[in-house]
Amino acid sequence: MAFDLQQGLSETLVFDVVQLEATGFVHQHRDALERGLHHLWPLDVGSLDALVLEIHARGLAVFAIQSKVGAEGWFLARQLTVVDQQGVEVARLGV
Numbered sequence: 870m871a872f873d874l875q876q877g878l879s880e881t882l883v884f885d886v887v888q889l890e891a892t893g894f895v896h897q898h899r900d901a902l903e904r905g906l907h908h909l910w911p912l913d914v915g916s917l918d919a920l921v922l923e924i925h926a927r928g929l930a931v932f933a934i935q936s937k938v939g940a941e942g943w944f945l946a947r948q949l950t951v952v953d954q955q956g957v958e959v960a961r962l963g964v
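Note that the sequence shown covers residues 870 to 964 in this note's numbering.
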């Protein structure tokens, strides 16, 4: 739905993906999110307080990507399913 990755996705070695609490996420990324609101990013809302409410209203979760190499950042999604190399589900995160 919305994302902010610090580097491209090529050659990325993901260390972990963690689910964040929406209010804490908005507070931590306040400056970037305030600038983005003028461009309807990450969601079409008028304030940071409204952003938190809209994340909850849409049933979204905030996930942070932590990597050893490559992309780091965050994304909004309803759910994240982690699978192993054989495609077997090993974890499911989200609302």
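Note that beta-carbon positions come from the ideal geometry of N, C-alpha and C, so glycine has one too.
Residue range of the unbroken alpha helix (DSSP H) whose run includes residue i
| i | result |
| --- | --- |
| V921 | L917 to A926 |
Simplified DSSP state of residue i, which is helix, strand or coil
| i | result |
| --- | --- |
| L912 | coil |
| G963 | strand |
| L906 | helix |
| A901 | helix |
| G956 | coil |
| A891 | helix |
Best match in the options for proximity to residue i [C-alpha to C-alpha]
| i | options | result |
| --- | --- | --- |
| V921 | R961, D953 and H898 | H898 |
9 angstroms Cβ cutoff met for residue i and residue j
| i | j | result |
| --- | --- | --- |
| A960 | R947 | no |
| W943 | L882 | no |
| V951 | V895 | no |
| A926 | I934 | no |
Cβ of residue i within 9 angstroms of any chain D Cβ
| i | result |
| --- | --- |
| A933 | This model lacks chain D altogether, as it is built from one protein chain only. |
Residue i, enclosing beta strand (DSSP E) - first and last residue
| i | result |
| --- | --- |
| L929 | Looking at the DSSP string, L929 is not in any beta strand (DSSP E), and its letter there is neither H nor E. |
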